[in-house]
Amino acid sequence: MPGRRFFFTPFIIPHRSSHRNPTLDARKRIFNIPGTLHPRFSGRQKYLAQIEAAFRRKLPEQRPIVSVFGMPGLGKSQLCLKYVTDHRGDYDYAFYASAGTTESWYQSCDEIIRILKLPDLGWEDHSQKVAALREWLAATSGWMLVIDDIWDCAVDAVRKTLPSYLGGHVLFSTRDKHIAEDFSGEDNSIALKEMDANEGKELVLKIYRQHGNGHGNGADEDVQTLAENINQALGGLPLALEQGTTSAKRMHWKLGDLLKNLQENKQSVIRDTAQSNLHHADIITTLTIALGGLEPHHVAILNIILMMRPQGLPMELLIEGGAHVRDITLNEGAAPSVSVADTRGVAGSLGGEKKKKRWVRKLWKWSKWRPKDPTGSLSSAPSSSLVAAPAESHITETAGTGDGTSAQTFSSMRRALQSKEELEGAIVVMEKTSLIRRGEGGEIWVHDLIREVLLERLEEQERREYLLYAIQIIRWAFPYTEGGEKIAKARLYMPHSTEVYKSMKSQKLVNDDRTKVGRLIALFFFEDGRYDDAIASFEEVLEDMNAQLSYNSIIVIWDIAACYQRKNDLKRSMEFFDRAVGGVQSLEERGKVVDQIWKCDIFRERAFALGKLGRFKEASELNAKVIAELEAMEPSSYRDRTLLSAVRTAGLVHFWQGDYGNALEHHERALKGWEGQPKKNNYWVMVACSAAADASRLLGQFEKALRYGQQSLRLAQEIYGDNHPEWAGTLLTTGLIHSDKGEYDKALQCFEQVIPIYEMAYGKDHRWTKQVVQYAQEAQSKLSV
1 MPGRRFFFTP FIIPHRSSHR NPTLDARKRI FNIPGTLHPR FSGRQKYLAQ IEAAFRRKLP
61 EQRPIVSVFG MPGLGKSQLC LKYVTDHRGD YDYAFYASAG TTESWYQSCD EIIRILKLPD
121 LGWEDHSQKV AALREWLAAT SGWMLVIDDI WDCAVDAVRK TLPSYLGGHV LFSTRDKHIA
181 EDFSGEDNSI ALKEMDANEG KELVLKIYRQ HGNGHGNGAD EDVQTLAENI NQALGGLPLA
241 LEQGTTSAKR MHWKLGDLLK NLQENKQSVI RDTAQSNLHH ADIITTLTIA LGGLEPHHVA
301 ILNIILMMRP QGLPMELLIE GGAHVRDITL NEGAAPSVSV ADTRGVAGSL GGEKKKKRWV
361 RKLWKWSKWR PKDPTGSLSS APSSSLVAAP AESHITETAG TGDGTSAQTF SSMRRALQSK
421 EELEGAIVVM EKTSLIRRGE GGEIWVHDLI REVLLERLEE QERREYLLYA IQIIRWAFPY
481 TEGGEKIAKA RLYMPHSTEV YKSMKSQKLV NDDRTKVGRL IALFFFEDGR YDDAIASFEE
541 VLEDMNAQLS YNSIIVIWDI AACYQRKNDL KRSMEFFDRA VGGVQSLEER GKVVDQIWKC
601 DIFRERAFAL GKLGRFKEAS ELNAKVIAEL EAMEPSSYRD RTLLSAVRTA GLVHFWQGDY
661 GNALEHHERA LKGWEGQPKK NNYWVMVACS AAADASRLLG QFEKALRYGQ QSLRLAQEIY
721 GDNHPEWAGT LLTTGLIHSD KGEYDKALQC FEQVIPIYEM AYGKDHRWTK QVVQYAQEAQ
781 SKLSV
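Under the UniProt record's numbering, the first residue of the sequence shown carries the number 1, and numbering increases by one thereafter.
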């Protein structure tokens, strides 16, 4: 982990009064700070004030050490140099030391000893030199020591050098929050962040207007806007802002040209290092140094994180999905084969020529291991693991894979992903380099510009590989939301899941994991009431399956039918249910062995659709056959759940016909069955309670109706939270019960809570919203009488 190299000579500062030692001869004051403060340093007043306040703070047993930490490119070193330059009159001595490595630290100590002219310069033992310097730092007051860019490897050496009592001040810069807090404590550790809109704009204009550039692009307010947009495009990173704007000056671009080039090809702008810079390294070199602090398998895990839109990426997603990660596989024939790249050279250079890579080919022997679907035959769809996970894939190495380092790196990566402890340890290592940062809840953040630069270094083949690992993690972490449970977690995971899924699509990578994730995303949309989005997502899944008839494709057709049913588009819903039923019959005609419970479930859904269309006789007859077949089968959890769904469907058909007594009887039977399940599903308990409440209300059994209504309302609150359409639906039922009881004030309170939720979910003109508005008006008129 190399430190920065500065070439400087000590400066003798002019005489100024010092509160430290006013009797000290001005000629003896030493300002041994490198002259590398950027002449166009801008902003950061808030952080400069925080450093000053920290040094002035008088707390018991607190050592005067302040640390500045943050990710690469924020200007930590420049901030420290600015502070000590602004306050040089406050110190008799000011020293600079680099602590990127133990060597650089000891070299800096030797330089300080030489400048101070401490005795016994002939010492060869570091410990003797350190002891001499430590004694001076304890005995002398009025000094400032800037320790720049301290890394883990130099921490022990620095700690041994600093005495327990400090006569002066120490100002650290580091990328590692843990090192900062270790030396300075939490109160004196300052987290440096990106420049805000005003600071970034000021820096861009200060650089651009130098040497007679003027406004350059018309009206001053237009230039201000351009500068703000440039700051936004580069994410407020001072290093990138300076590099990009300086490049624009060299190319004789106006600010509008710079912004256009950033929008079209940001990488080429920030990679432009033709103009040497004595003040700091360019952003590519800075990130290369950061990557140098990672092991190859840490870099591999970081690459997977980069694929997942790491803006608040939940750590739980990585832990839950990583536990199941396996070797990357791809459906043979669906897309080009995928290989694992040697990552030995990844950390070496971002801007230069990549090291030659050796490849380990990963071939998917699909027909050898793919699990059979419930029809008893191999599906022609990409995967049957919408219901079952595949076994381990078979791997074949091509000739010339050399020493197998690539396989070892990826093996270490998978092992770390599969272990919560190892994964958390890897994340801590990445956090120490500040390539990632953690939120208060442990979520992972990577700056957009840093992410772009790090992704740009990957070759196309490498991107595909890491995407295949990322989609696996999403597949196993994303909760199965059918029935409304775990909806909050699914919403939290959605931005990261859709990012990976869309990237898989753009790369034309089709495999079992992508198909599974596509359906999970569609199911989330369905449970969230976003039926159009759900239909579009299910249709994408069908497209992935190449529209081949299989168990999985029939499931997705069935899903689409359910979406149209929720939209109350009964005609389209019936079309898709008929397609699903026809698919089952087609499979049987081909001699496939079809799971009979699964078949009954599809026919039950068709009976439900017939009932919604008002074809009650057909619906009742079909559903009665389904119940009879299921009751004749051997009991199992799958059979029991399907039977309870059929009983519920029978209750709904009775309800739609106005036969509320039979409806209530069936709903209470279903409710008792759902509550008695070994793994109780609260969603179905809620649905049964709500249906029983409606039937009881229309039978005039108001106390029973309220009891069921309150139970369904409580469960909806647990599953969905407030302000969700499903929760509002249960509240609507409660309001109707109060209305029928003549409790119009309570009914009106319920309706008034439902209306804005329905307006938000369905719109003001939707028939459901209008119906609730009408209920509220009727309750209001009753209260006015």
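Even glycine gets a Cβ: it sits at the ideal position worked out from N, Cα and C. These figures come from a predicted structure and were not determined experimentally.
Give the straight-line distance between the Cα atoms of residue 423 and residue 561, rounded to the nearest whole angstrom.
-> Here residue 423 corresponds to residue number 423 of the sequence shown, with the count starting at 1. Here residue 561 corresponds to residue number 561 of the sequence shown, with the count starting at 1. If you take the alpha carbons of residue 423 and residue 561, they lie about 41 Å apart.
Let me know the secondary structure DSSP gives residue 468 once reduced to three states.
-> The residue labelled residue 468 in the question sits at position 468 within the sequence shown. Three-state DSSP puts residue 468 in a helix.
Reducing DSSP to helix, strand and coil, say where residue 401 ends up.
-> Here residue 401 refers to the residue found at position 401 of the sequence shown. Because residue 401 sits at a pLDDT of 33, beneath the cut-off of 50, its placement in the model cannot be relied upon, and the following sentence gives the value as read from the coordinates. Here residue 401 sits in coil by DSSP.
How would you write the range of the alpha helix (DSSP H) that residue 565 sits in, first residue to last?
-> Looking up residue 565 in the sequence shown gives position 565. From DSSP, the alpha helix (DSSP H) with residue 565 extends over 551-566.
Mapping DSSP to helix, strand and coil, what is residue 603?
-> Indexing the sequence shown from 1 puts residue 603 at position 603. Helix at residue 603.
CB of residue 716 within 8 Å of CB of residue 703, strictly | For this step, residue 716 is matched to residue 716 along the sequence shown. For this step, residue 703 is matched to residue 703 along the sequence shown. No; because the gap between Cβ atoms is not below 8 Å, this pair is not in contact.
Cβ distance (whole Å) where residue 521 is taken to contact residue 537 below 8 Å = As a first step, residue 521 must be located in the sequence shown, where it is residue number 521. As a first step, residue 537 must be located in the sequence shown, where it is residue number 537. About 5 Å separates the two Cβ atoms, so the contact holds.
Cα-Cα separation between residue 330 and residue 549, rounded to whole angstroms = Locating residue 330 in the sequence shown gives position 330, counting from the first residue. Locating residue 549 in the sequence shown gives position 549, counting from the first residue. Caution applies to residue 330, whose pLDDT of 45 falls short of 50 and renders its modelled position unreliable; the value that the coordinates give is listed next. Cα to Cα, the separation comes out at about 21 Å.
Along the beta strand (DSSP E) that carries residue 31, what are the first and last residues, could you check?
-> Sequence index remark: in the sequence shown, residue 31 carries index 31 (1-based). Counting along the chain, the beta strand (DSSP E) containing residue 31 begins and ends at 30-32.
Given that a residue counts as buried once 16 or more other Cβ atoms are within 10 Å of its Cβ, and exposed if not, what is residue 142?
-> Here the question's residue 142 lines up with position 142 in the sequence shown. Residue 142 comes out buried.
Go ahead and pull the three-state DSSP assignment for residue 151.
-> As a first step, residue 151 is located in the sequence shown; it is residue number 151 there, counting from the start. Three-state result, residue 151: coil.
Flag this pair as yes or no: are the beta carbons of residue 527 and residue 555 separated by less than 8 Å?
-> Indexing the sequence shown from 1 puts residue 527 at position 527. Indexing the sequence shown from 1 puts residue 555 at position 555. Their beta carbons are not under 8 Å apart, which means residue 527 does not touch residue 555 by this criterion.
Within the segment 726-784, note down every full alpha helix (DSSP H) run reaching 4 residues or more, in order along the chain.
-> 744-762 and 767-784
Secondary structure at residue 786, three-state DSSP: helix, strand or coil?
-> Examination of residue 786 is not possible in this model, given that the chain is present from 1 through 785 alone.
Among 649, 506 and 450, which residue has its Cα nearest to the Cα of residue 468?
-> The count along the sequence shown starts at 1 and reaches residue 468 at position 468. It is 506.
Delimiting residues of the beta strand (DSSP E) encompassing residue 172 | Along the sequence shown, one-based indexing puts residue 172 at 172. Residue 172 -> beta strand (DSSP E) spans 169-174.
Would you tell me roughly how many angstroms separate the C-alpha atoms of residue 730 and residue 700, rounded to the nearest one?
-> Here residue 730 is taken as the residue at index 730 of the sequence shown, counted from 1. Here residue 700 is taken as the residue at index 700 of the sequence shown, counted from 1. For residue 730 and residue 700, the distance between alpha carbons rounds to 18 Å.
Please go through the segment 633-701 and give each complete alpha helix (DSSP H) segment of 4 or more residues, from N-terminal end onward.
-> 637-657, 660-675 and 682-698
Pull up the distance between the alpha-carbon of residue 57 and that of residue 42, whole angstroms please.
-> As a position in the sequence shown, residue 57 is number 57, starting the count at 1. As a position in the sequence shown, residue 42 is number 42, starting the count at 1. Approximately 26 Å between the Cα atoms of the pair.
Classify residue 164 as buried or exposed, calling it buried when 16 or more other Cβ atoms lie within 10 Å of its own Cβ.
-> Residue mapping note: residue 164 aligns to position 164 of the sequence shown, counting from 1. With fewer than 16 Cβ atoms within 10 Å of its Cβ, residue 164 is classed as exposed.
Test item: CB-CB of residue 174 and residue 150 under 8 Å = Residue numbering aside, residue 174 sits at position 174 when the sequence shown is read from its first letter. Residue numbering aside, residue 150 sits at position 150 when the sequence shown is read from its first letter. Contact: yes.
Kindly identify the DSSP beta-bridge partner or partners of residue 144.
-> On the sequence shown, position 144 is the one that residue 144 refers to. 94 and 169, per the DSSP bridge assignment.
Residue 300 to residue 413, Cα distance in whole Å?
-> Taking the sequence shown and counting its residues from 1, the one referred to as residue 300 is at position 300. Taking the sequence shown and counting its residues from 1, the one referred to as residue 413 is at position 413. Cα-Cα distance, rounded: 7 Å.
Own chain partners of residue 399 with C-beta closer than 7 Å, once the 5 adjacent residues on each side are dropped = Translated into the one-based positions of the sequence shown, residue 399 becomes position 399. In this prediction, residue 399 scores a pLDDT of 27, lower than 50, which makes its location untrustworthy; the coordinate-derived value is nonetheless stated afterwards. Within the same chain, residue 399 has no close Cβ partners at all.
Burial state of residue 496 (16 or more Cβ within 10 Å) = The count along the sequence shown starts at 1 and reaches residue 496 at position 496. Buried, since its Cβ has 16 or more Cβ neighbours within 10 Å.
Cα separation between residue 89 and residue 30?
-> Position 89 of the sequence shown, counted from the start, is the residue given in the question as residue 89. Position 30 of the sequence shown, counted from the start, is the residue given in the question as residue 30. The alpha-carbon atoms of residue 89 and residue 30 are separated by roughly 11 Å.
Member of 33, 532, 491 and 499 whose CA lies at the smallest distance from the CA of residue 524 | Locating residue 524 in the sequence shown gives position 524, counting from the first residue. Of 33, 532, 491 and 499, the residue nearest in Cα terms is 491.
For residue 311, the first and last residue of its enclosing beta strand (DSSP E) | Translated into positions along the sequence shown, residue 311 becomes position 311. Counting along the chain, residue 311 sits inside the beta strand (DSSP E) bounded by residues 311-313.
List the endpoints of the continuous alpha helix (DSSP H) containing residue 576.
-> Taking the first residue of the sequence shown as 1, we reach residue 576 at position 576. Where residue 576 is concerned, the enclosing alpha helix (DSSP H) stretches over 570-589.
Skipping 5 residues on each side, what residues in its chain have a beta carbon closer than 6 Å to that of residue 582?
-> The residue given as residue 582 occupies position 582 in the sequence shown. Correct list: empty, nothing qualifies.
Buried or exposed: which applies to residue 139, given that a residue is buried once 16 or more other Cβ atoms fall within 10 Å of its Cβ?
-> Translated into positions along the sequence shown, residue 139 becomes position 139. Flag for residue 139 reads exposed.
For residue 235 versus residue 445, is the C-beta spacing smaller than 8 Å?
-> For the purposes of this step, residue 235 is identified with residue 235 of the sequence shown, where counting begins at 1. For the purposes of this step, residue 445 is identified with residue 445 of the sequence shown, where counting begins at 1. Their beta carbons are not under 8 Å apart, which means residue 235 does not touch residue 445 by this criterion.
If you follow the alpha helix (DSSP H) that residue 54 is part of, which residue opens it and which one closes it?
-> By one-based count along the sequence shown, residue 54 stands at place 54. Unbroken alpha helix (DSSP H) run through residue 54: 45-56.
In the DSSP assignment, what residue or residues form a beta bridge with residue 438?
-> Taking the sequence shown and counting its residues from 1, the one referred to as residue 438 is at position 438. Residue 438 is bridged to 444.
By how many angstroms is the C-alpha of residue 305 removed from the C-alpha of residue 514?
-> Along the sequence shown, one-based indexing puts residue 514 at 514. Along the sequence shown, one-based indexing puts residue 305 at 305. Straight-line Cα distance between these residues: approximately 17 Å.
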